[in-house]
Each structure stands twice: as C-alpha cells, then as structure tokens.
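Novice: Sending over a structure as structure tokens; questions will come in a sec.
Protein chains in written order, with this note's numbering: chain A, 1 to 271; chain B, 1001 to 1314.
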C-alpha cells in the first residue's frame, strides 16, 4: 500500500492533468486529497481489489463537487480505470467505488446515518465516513442528521469536515459564520477532534483516536483550498476552473518539488 | 349504533406489524407521527425509528437504510414529506430507484380547517414527476391495506397518499384484487365516473343522485395513478357518451390529465374535476371538496350540464 503522502501527490497530479482538459472544482478537489489518501490507506477497512467487498467500510463524499479528487484517489488505487474526464462531475452510482450518489449539498450525513444504523441493525461491524465541506454546513439538513446521529448513538459514524474556510464566493466566516464550529458539534452530542488536514500522520492519529467511543464523531480537518497548486491555494477564484498550459506546468512542477512543510492551518485553532 | 369506519392509519398499523413480522429486512420510520406504527412499536421496537420533525433527514436516513440492504417504510404528514423533502426524495431515493415506500398522511385537503400549510393537493403531481416512483391514492382503509400488501416487498420507490381522517366505507369491490387495476364499483350504460381516493365515495353518491335524474352512471375507482393503467381505463371509457374524472388534486399529472392523455381527441367527451389554486376558505374536508367542485354535487352538476337523454347513445 502506498504511503498516503505519495498517494495524495499522485492523485493531485491526476486532478491537475484533468483540469488542463476541462473545468473542474479544482480547489475543492485538492483541499481534501490528503484526507482521502489517509482514509483509503489507513482509515477505512477497504480492499481496492474488491471494491464491492461486503465487509468494507463506507465513504460518502457529501461535498460531491469534489468528485474528481475522489476519482483521482480511486484511480490511483486501481478501483477506477476509466478516463476521469468521461466521469460525471458529481459522484454517481455508475462509477466504481462510489457508495452513494451525491452533489446536492447537505445529503451525505443523512445517508450516512441510515447506512450506519443499517449496519448496526444487521450486526455488521462497519464504519461509515462522510466527508463534508465546510460551506456545505450552511445547509440545515446536516444539523437534522447531526441530531439524529447523536440521539441514536451512532458510534460507527464519522464525519470529516474539509475545513478550508472558503465557499464559492469567499470566506465562510464572512458569508455565514460557522464558528465556533467545534462547539456546535459538541453541543449536538458529537465527539470532536481537530487536525491539520494536510498532515497525514496527524489525520491518521486523529481518526484512530475517534474510533473508540460512544456516539458519532467528527474530525475538523483544517485545510487549504487548492492545496498543492500554489497559485490556487486559498483563492476562491479557483473554486472551479480550467488550467492553461503554463498553469498546468507550474502546478505539476510544484507537485513534483520536494514536499514543503504543511502550512499552518489557516486561522483554525487546533485543540 | 354504527361503528365508525376504521381510519387508514389504524388499518395500516395492523398490516405493517404483520409485514414486519414476516420480513426481517423491513424497517419503519416516522417523523413524530406514530399512529401508523403502534403495532410495530409494540412487537418490534427496534424496527421503528422516529426521526422527529425532520422530513429531509427522514428521507435521507431511509435512503441510507435501503442502501444498507433494508426495506424502509417511511411516513410523515403529506405536505411536509412531499414539499420539504423533495430533493431528498428525488436524488437520494428515486434516481437510484431504492425500495422505499412512503406514506403521506393527509394528502389532498384532508386536514380541512388547518389550512393551506397542511393541505397537499400537489402531492400526486409532484410525486408523479419523480423517476421510478409509483403513486397510489387508496379510497378507503381496506384499499390502503391492499396497496401496502401489493407494494411489499417493494422493488422500487412508491408513494401512498393516506387520509387524515376516517373515510366513508366503500363496497368490498373497492379493495378487491390488484389495486393497480381500476375497479368497476357500479355499472351503468350512460356515463362513466372515474374517481380516486376520497372522491370515489363522492362519485358513488353522485351516481345514486343521477339515478334519480334518469342517468345511468358507472363508477370506477383508480387507486394506482402512476404508472397509469391506460389500457384498463381506455376499455372502461370507450363507447361512453361522457367521462367525468374527480380528484382532490391539482391537474398536472393527476387523474384527469392521465385520462385525457389516454383517451385522446377521439375518445368520449371528458370533463375533469380537480382542485385549483384558489385560497381555501376555513372549512372542513367535506366543505373543501365542495368548494373545489370535486364532491358529489359537483360531479352530478358536471354530468347534468353535459348529458341529456338526447346525448344518450343509441
């Protein structure tokens, strides 16, 4: 199994190559790449050679606009073999490795609640991980699901929030403030951990720490939108876009350069 | 003293408990409305999940349960299930064609005095527009049970409009056999009254009154509206001097619409009685049926306005 850092680097290269061919949600795909790399190598019980293995853990990408980031990771693992450019812009049931079609924001956590409850009722030892955006948490349906998960003590449900602090039009705190976000989850009855979402060791440890416990858990992963492509990092203009030839080369050169230290998580106090 | 007819909810509570007994994959969900699930809660408390007043989450959780291999039956008050959770219904359940049965309590005008927040004359229209969804509008408690038994085990998404209050009890023929085929409740040579849901009782009452007017009216109930039983409706209607449809629903996608499409321009003359967007008065269910012209008086007037002895077929 690849080290998650290397899996993430290769997946980002795929995203960049794709973004040179068509407009994609670049920033959202790149901010969560390290999170997905950790989940598919260390966080989930998963067999890339058998993506339909009945005992696998389940990952739902609630922030469905990050689809190409997920496809890129699944392609590196060999689960997806198709040309990524031919795949739909939001996760679809027809794509190998996709557990639930998503894309309208605020649906994944309810789906995850149902899957986690179903696993428990069937006596299956199965973990369900839902990756959400942070801007996505503006949708009230997430909080219906959060209340439900805590009420039913769904200890096999984990939410991972890609806390890149940017939504389509700008800073989440300027548009409709989410903070104090950790306190909100705690108030809803969730166990909360925070980590630098680009530090794969820290994410690994945080997910392991959330494994044992009563009730649902959330990892607030502090990330940088567009991570790995310097001119896109932290720039909401790259929420969606297509790279020209020079931008593609700049991006690939940056990804191939020796790893820089992870930037301090923007503004998010780690606790 | 005559016993009150059973409500759809009471009849279905017993049927749901039996269904849960028989199928270990069946699970029920409600949104702070438990009348339908009393039997399940008593016999299988783990197989009823109350999500609280959270219809969007109700539908999303049901979809997740279906994806995990279970067969959910999920209920809520019709206006909130249909309108508040429409995106979840469409994307989480219907697009992937998951086997979830939805029970909408108080569809149409059943909540009477409670007003337009609680009326759902749009439920049939909206649910019929969803991919893979089948739509059913039973006419009384026994018919509702016949629908549930036909739908379980479900092989795709389904919506069943339930009454909020007791319905007039209908002849046994209204719940005999397969609800997906129209049932002829009363034969007659002159006109055909096609009705669905609560309007079936109104059509039967109208046929009684029309007999006094010298008009021999046949009455058929259509419980399954989508997919629409085109062939059976065509067979019932052809050769009639007049067809009248009656439904406490908006027009698009409803009984009148489907009947018109089925019969086409060459079919018998058709009068469609259905609701519209006028703001309702503060009134009971029965008064609202009259206000929108879909009660027995409205049906009778529609027939007498179009049918005379001169139009009687030779």
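Glycine included, each C-beta is placed from N, C-alpha and C at the ideal position.
(1) Can you find a CB in chain B that lies within less than 8 Å of the CB of residue 65 of chain A?
(2) Alpha carbon to alpha carbon, what distance is there between residue 197 of chain A and residue 1249 of chain B?
(3) Within the chosen definition, does the stretch 108 to 128 of chain A reach the stretch 73 to 81 of chain A through at least 3 CB pairs nearer than 8 Å?
(4) So, using beta-carbon positions, are residue 119 of chain A and residue 188 of chain A closer together than 8 Å?
(5) Would you call residue 231 of chain A buried or exposed, if buried means 16 or more other Cβ atoms sit within 10 Å of its Cβ?
(6) Let me know if residue 1068 of chain B comes out buried or exposed under the rule of 16 or more other beta-carbons within 10 Å of its beta-carbon.
(7) Measure the CB-CB distance between residue 1202 of chain B and residue 1211 of chain B and report whether it falls below 8 Å.
(8) Name the residue from A:148, A:207, A:166 and A:220 whose alpha carbon lies nearest to the alpha carbon of residue 183 of chain A.
(9) For residue 160 of chain A, is the classification buried or exposed, using 16 other Cβ atoms within 10 angstroms of its Cβ as the cut-off for buried?
(10) Grouping DSSP H, G and I as helix and E and B as strand, with all else coil, what is residue 167 of chain A?
(11) Please identify, using Cβ separations under 7 Å, the residues of the stretch 130 to 152 of chain A that lie next to chain B, in order along the chain.
(12) Mind pulling the chain A residues with CB within less than 8 Å of residue 1069 of chain B?
(13) Hey, is residue 40 of chain A close to the ligand MN, as in C-beta under 7 Å from one of its heavy atoms?
(14) Buried or exposed: where does residue 271 of chain A fall if 16 or more other Cβ atoms within 10 Å of its Cβ makes it buried?
(15) State the DSSP-derived secondary structure class of residue 60 of chain A, mapped to helix, strand or coil.
(16) Count the other CB atoms, across all protein chains shown, that sit within 10 Å of the CB of residue 179 of chain A; report buried if there are 16 or more and exposed otherwise.
(17) Just confirm the distance between the C-beta atoms of residue 1064 of chain B and residue 114 of chain A, as a whole number of angstroms; I'd bet it's less than 8 Å.
(18) Please compile the residues from chain B whose C-beta is within a distance smaller than 8 Å of the C-beta of residue 110 of chain A.
(19) With respect to the beta strand (DSSP E) encompassing residue 1077 of chain B, which residues constitute its N-terminal and C-terminal limits?
(20) Check the Cβ of residue 1046 of chain B against every Cβ in chain A and list those closer than 9 Å, keeping chain order.
(21) So is residue 63 of chain A buried or exposed if we call it buried at 16+ other beta carbons inside 10 Å?
(22) If you measure beta-carbon to beta-carbon, which residues of the stretch 34 to 66 of chain A are closer than 8 Å to chain B?
(23) Using 8 Å as the threshold, is the C-beta distance between residue 1307 of chain B and residue 1242 of chain B below it?
(24) Please list, in chain order, the chain B residues whose beta carbon lies closer than 9 Å to that of residue 93 of chain A.
(25) Measure the C-alpha to C-alpha separation of residue 1295 of chain B and residue 1077 of chain B and round it to an integer number of angstroms.
(26) Which partner residues of residue 1239 of chain B appear in the DSSP bridge assignment?
(27) With burial defined as no fewer than 16 other Cβ atoms inside 10 Å of the residue's Cβ, what is the status of residue 1101 of chain B: buried or exposed?
(28) Taking all protein chains shown into account, do 16 or more other C-beta atoms lie within 10 angstroms of the C-beta of residue 1159 of chain B, making it buried, or fewer, making it exposed?
(29) Quick check: the Cα distance between residue 1034 of chain B and residue 1007 of chain B, rounded to an integer number of angstroms?
(30) Would residue 68 of chain A and residue 57 of chain A be called neighbours here (beta carbons separated by less than 8 Å)?
(31) Do you know offhand how far residue 258 of chain A's Cα is from residue 26 of chain A's?
(32) Assign residue 1027 of chain B to one of three DSSP states: helix, strand, or coil.
(33) With 16 as the cutoff for other CB atoms within 10 Å, does residue 1235 of chain B come out buried or exposed?
(34) Mind checking whether residue 1060 of chain B and residue 110 of chain A have CB atoms under 8 Å apart?
(35) Could you list which residues in chain A have their beta carbon closer than 8 Å to that of residue 990 of chain B, in chain order?
(36) State buried or exposed for residue 268 of chain A, treating a residue as buried only when at least 16 other CB atoms are found within 10 Å of its CB.
Specialist: For this structure:
(1) By 1-based counting over the first chain, the position of residue 65 of chain A is 65. Residue 65 of chain A does not count as touching chain B.
(2) Here residue 1249 of chain B refers to the residue found at position 249 of the second chain. Here residue 197 of chain A refers to the residue found at position 197 of the first chain. Going by the C-alpha atoms only, they are around 52 Å apart.
(3) no
(4) For the purposes of this step, residue 119 of chain A is identified with residue 119 of the first chain, where counting begins at 1. For the purposes of this step, residue 188 of chain A is identified with residue 188 of the first chain, where counting begins at 1. Contact: no.
(5) Taking the first residue of the first chain as position 1, residue 231 of chain A is located at position 231. Counting Cβ neighbours within 10 Å, residue 231 of chain A comes out exposed, since fewer than 16 surround it.
(6) The count along the second chain starts at 1 and reaches residue 1068 of chain B at position 68. Result: buried.
(7) Position 202 of the second chain, counted from the first residue, corresponds to residue 1202 of chain B. Position 211 of the second chain, counted from the first residue, corresponds to residue 1211 of chain B. Not closer than 8 Å, so no.
(8) The count along the first chain starts at 1 and reaches residue 183 of chain A at position 183. Minimum Cα distance to residue 183 of chain A is reached at A:220.
(9) Start at 1 with the first residue of the first chain, and residue 160 of chain A comes out as number 160. Its Cβ being crowded by 16 or more others within 10 Å, residue 160 of chain A is buried.
(10) As a working mapping, residue 167 of chain A is identified with position 167 in the first chain. Looking at residue 167 of chain A - three-state DSSP - the assignment turns out to be strand.
(11) 141, 144, 145 and 148
(12) Numbered from 1 along the second chain, position 69 holds the residue referred to as residue 1069 of chain B. Correct list: 118 and 122.
(13) Absent from the structure shown: the ligand MN. Ligands present: none.
(14) On the first chain, residue 271 of chain A is found 271 positions in, with the first residue counted as 1. Confidence at residue 271 of chain A is low in this model, with a pLDDT of 37, below 50, so the placement of that residue should be treated as unreliable; the coordinate-derived value is given next. By the 10 Å Cβ count, residue 271 of chain A comes out exposed.
(15) Along the first chain, one-based indexing puts residue 60 of chain A at 60. Here residue 60 of chain A sits in strand by DSSP.
(16) Here residue 179 of chain A is taken as the residue at index 179 of the first chain, counted from 1. Exposed, since its Cβ has fewer than 16 Cβ neighbours within 10 Å.
(17) Counting from 1 along the second chain, the entry for residue 1064 of chain B is found at position 64. Counting from 1 along the first chain, the entry for residue 114 of chain A is found at position 114. Correct: roughly 2 Å between the Cβ atoms.
(18) Looking up residue 110 of chain A in the first chain gives position 110. Correct list: 1056, 1057, 1059, 1060, 1061, 1063, 1064, 1088 and 1092.
(19) Taking the second chain and counting its residues from 1, one reaches residue 1077 of chain B at position 77. Unbroken beta strand (DSSP E) run through residue 1077 of chain B: 1071 to 1077.
(20) Within the second chain, numbered from 1, the residue matching residue 1046 of chain B stands at position 46. Going along chain A in sequence order, the residues near residue 1046 of chain B (Cβ under 9 Å) are 121.
(21) Here the question's residue 63 of chain A lines up with position 63 in the first chain. Under this definition residue 63 of chain A is a buried residue.
(22) none
(23) Start at 1 with the first residue of the second chain, and residue 1307 of chain B comes out as number 307. Start at 1 with the first residue of the second chain, and residue 1242 of chain B comes out as number 242. In contact: residue 1307 of chain B and residue 1242 of chain B (Cβ atoms closer than 8 Å).
(24) Your numbering for residue 93 of chain A matches position 93 in the first chain. The contacting residues are 1095 and 1096.
(25) Sequence index remark: in the second chain, residue 1295 of chain B carries index 295 (1-based). Sequence index remark: in the second chain, residue 1077 of chain B carries index 77 (1-based). Each residue's Cα considered, the two are about 23 Å apart.
(26) Residue 1239 of chain B sits at position 239 when you count from the first residue of the second chain. Paired residue(s): none; residue 1239 of chain B is not in a bridge.
(27) Position 101 of the second chain, counted from the start, is the residue given in the question as residue 1101 of chain B. It counts as buried.
(28) Locating residue 1159 of chain B in the second chain gives position 159, counting from the first residue. Its Cβ being crowded by 16 or more others within 10 Å, residue 1159 of chain B is buried.
(29) The residue labelled residue 1034 of chain B in the question sits at position 34 within the second chain. The residue labelled residue 1007 of chain B in the question sits at position 7 within the second chain. In a straight line, the C-alpha of residue 1034 of chain B is about 14 Å away from that of residue 1007 of chain B.
(30) Here residue 68 of chain A corresponds to residue number 68 of the first chain, with the count starting at 1. Here residue 57 of chain A corresponds to residue number 57 of the first chain, with the count starting at 1. Taking 8 Å as the Cβ cut-off, residue 68 of chain A and residue 57 of chain A do not qualify as a contacting pair.
(31) Within the first chain, numbered from 1, the residue matching residue 258 of chain A stands at position 258. Within the first chain, numbered from 1, the residue matching residue 26 of chain A stands at position 26. So the two alpha carbons sit approximately 22 Å from each other.
(32) For the purposes of this step, residue 1027 of chain B is taken as residue 27 along the second chain, with counting starting at 1. In this structure, residue 1027 of chain B counts as strand in the three-state DSSP scheme.
(33) Residue mapping note: residue 1235 of chain B aligns to position 235 of the second chain, counting from 1. When all chains shown are included, residue 1235 of chain B counts as exposed.
(34) Position 60 of the second chain, counting from 1, holds the residue named residue 1060 of chain B. Position 110 of the first chain, counting from 1, holds the residue named residue 110 of chain A. In contact: residue 1060 of chain B and residue 110 of chain A (Cβ atoms closer than 8 Å).
(35) A query on residue 990 of chain B cannot be resolved here, the shown segment of chain B reaching from 1001 to 1314 and no further.
(36) In the first chain, the residue the question calls residue 268 of chain A occupies position 268. Low per-residue confidence applies at residue 268 of chain A: pLDDT is 40, beneath 50, and the placement is therefore not dependable, though the value from the model is reported in the following sentence. Label assigned to residue 268 of chain A: buried.
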